[in-house]
Every structure is written in C-alpha cells, then in structure tokens.
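Visitor: If you read the sequence shown in our numbering, its first letter stands for residue 2, the second for the next number, and so on. So that we are looking at the same thing, I have put the structure below in structure tokens.
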Amino acid sequence: MKNAWKHFKTITHHKVLVAKGCFRVGLYWQGLIHDLSKYSPTEFMVGVKYFQGTRSPNNAEREDIGFSSAWLHHKGRNKHHYEYWIDYSTHEIPGGMAPVPMPDRYIAEMIMDRIAASKVYEGKNYRDSSPLKYYYKGTDRAPLHPYTRIKLLRYLKMLAKYGEEHTFERIKTDLVKKKKRNKMTKSRIEC
Numbered sequence: 002m003k004n005a006w007k008h009f010k011t012i013t014h015h016k017v018l019v020a021k022g023c024f025r026v027g028l029y030w031q032g033l034i035h036d037l038s039k040y041s042p043t044e045f046m047v048g049v050k051y052f053q054g055t056r057s058p059n060n061a062e063r064e065d066i067g068f069s070s071a072w073l074h075h076k077g078r079n080k081h082h083y084e085y086w087i088d089y090s091t092h093e094i095p096g097g098m099a100p101v102p103m104p105d106r107y108i109a110e111m112i113m114d115r116i117a118a119s120k121v122y123e124g125k126n127y128r129d130s131s132p133l134k135y136y137y138k139g140t141d142r143a144p145l146h147p148y149t150r151i152k153l154l155r156y157l158k159m160l161a162k163y164g165e166e167h168t169f170e171r172i173k174t175d176l177v178k179k180k181k182r183n184k185m186t187k188s189r190i191e192c
C-alpha cells in the first residue's frame, strides 16, 4: 500500500510538471491529458510493484521479466513518445520498421516530458542540462526520424545553454504557434 501512494505521488508530480510546461507553451489540452494511461490498472499496478522512486518502474520490470508490459501499453497510447511514431516500412529496411516524423506539438510535449522526468528523478540535482544528458545516455541511438531528432536535439541543447524561459518561448513560437500561422496563411490563400 505504501508503494501505491508513493507511485501515485510520483506520477502525479510528473504529470503536473508536464502540464505546467505545456501550459507555458500553449498546449493546454495536451497538458491536461498527458500520461493519463499511467493511472490505468495495466500501467499503475506495474508501477506499484516496481516502484523505486529514483527511476522509471518500467526499467525495473524490464530487468525482472525481460520486457515492460506497462511500457508496451503506454507507448501505444501516448503520442509524445517517439516509439508511437514507428511504422512498417514499404522500403527495404532491416527489421521492416521505420520512424516517421512526429508532429511539432508532440515534439514539444516530448520535451516537456523529458524535463519533468529529469526534475522528478533528479530532484535538487536537476539542471537545465539534465534532459540533454539523458538524451545522450540512449536516445541518441534510438530510431527517431531525422526531422524529430533535429528538433528534439535543438531544443534540448537550447535548454542546456539558455534555460527554460528562452527555450519555452522558442518552442511556443517555432513548434506551437507555427501550426496556427500555417492555418492562417492557408485560409488567406483560399480567400
């Protein structure tokens, strides 16, 4: 029961941090619905069983049984994970799988997710460079579409160098408002 409460507090703290980041860049709906699947029995019970407080319980489940059932459930329901954007390839690619470009608004949410996860697990040791360091621990080898990789890395480096205020303003302008500008331009052309 103790782990259930601790896990609930951890995922809720993470969710609140992501929501705050999303709100700052104008992604209100995504901030509200971020990671709701973590409260489903499929993901929550694994989180309780493998809770440690210093890293994702999914990694502990992976070490225990060889895969993470919670992660398989999670990545298929949350578009801010690059794994959601992997599809079968019609080209000859080893393994037959290929990443597709993530929409900008989900790249923005993915950045907020990485910042929040770093803050939750690193606590007072968090620095604006933490999400970039995490990227270099494994995501740099991940099957990301080049467009997604360039965008993700650009903003993680910007965060490490200039901090949240500057980076969030750029994300808001470049990734979130860009969509609105494109719609306005399209409607002007159609008139």
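For every residue, glycine included, the Cβ atom is placed at its ideal position computed from N, Cα and C. Quick caveat: nothing in here was measured; it's all calculated off a predicted structure.
#1: Would you say S38 reaches chain C, if we count a Cβ-Cβ gap shorter than 7 angstroms as a contact?
#2: Taking only the alpha-carbon atoms, compute the straight-line gap between N59 and Y163 and give it to the nearest angstrom.
#3: Determine the direct distance from the alpha carbon of V19 to that of K80, and round the result to whole angstroms.
#4: Enumerated in chain order, which unbroken segments of the alpha helix (DSSP H) with a length of 4 residues or greater are wholly contained in the stretch 71-156?
#5: Just the C-alpha distance for M46 and K16, rounded to the nearest angstrom, thanks.
#6: Since L153 and I116 should fall inside the 8 angstroms C-beta cutoff, what is the C-beta to C-beta distance between them, to a whole number of angstroms?
#7: So what does DSSP say about H35, is it helix, strand or coil?
#8: Looking at C-beta atoms only, is the number of pairs between the stretch 50-70 and the stretch 97-111 that lie closer than 8 angstroms three or more?
#9: Can you round the beta-carbon distance between G97 and Y89 to whole angstroms, since I take them to be within the 8 angstroms contact cut?
#10: For L157, which option in W30, H82, I172, G27 has the closest C-alpha, if you only look at C-alpha atoms?
#11: Look at E44 and H82 and say whether their C-beta atoms are less than 7 angstroms apart.
#12: Please classify W1 as buried or exposed, where buried requires at least 16 neighbouring CB atoms within 10 angstroms.
#13: My understanding is that V49 touches A5, with C-beta atoms under 8 angstroms, so please give their C-beta distance in whole angstroms.
#14: Assuming T11 and G54 are in contact, meaning their beta carbons sit under 8 angstroms apart, how far apart are those beta carbons, in whole angstroms?
#15: Tell me the DSSP secondary structure of Y29 in three-state form.
#16: Once you ignore the five residues that flank R25 on each side, which residues in its own chain have a CB closer than 7 angstroms to its CB?
Guide: According to the structure shown:
#1: Looking at the structure shown, chain C is missing, and only one protein chain is on hand.
#2: 32 angstroms
#3: 14 angstroms
#4: 105-123, 131-137
#5: 17 angstroms
#6: So it is not a contact: roughly 12 angstroms between Cβ atoms.
#7: coil
#8: no
#9: 6 angstroms
#10: I172
#11: no
#12: One cannot answer for residue 1 here, as it falls past the ends of the chain, which runs 2 to 192.
#13: 5 angstroms
#14: 7 angstroms
#15: helix
#16: F169
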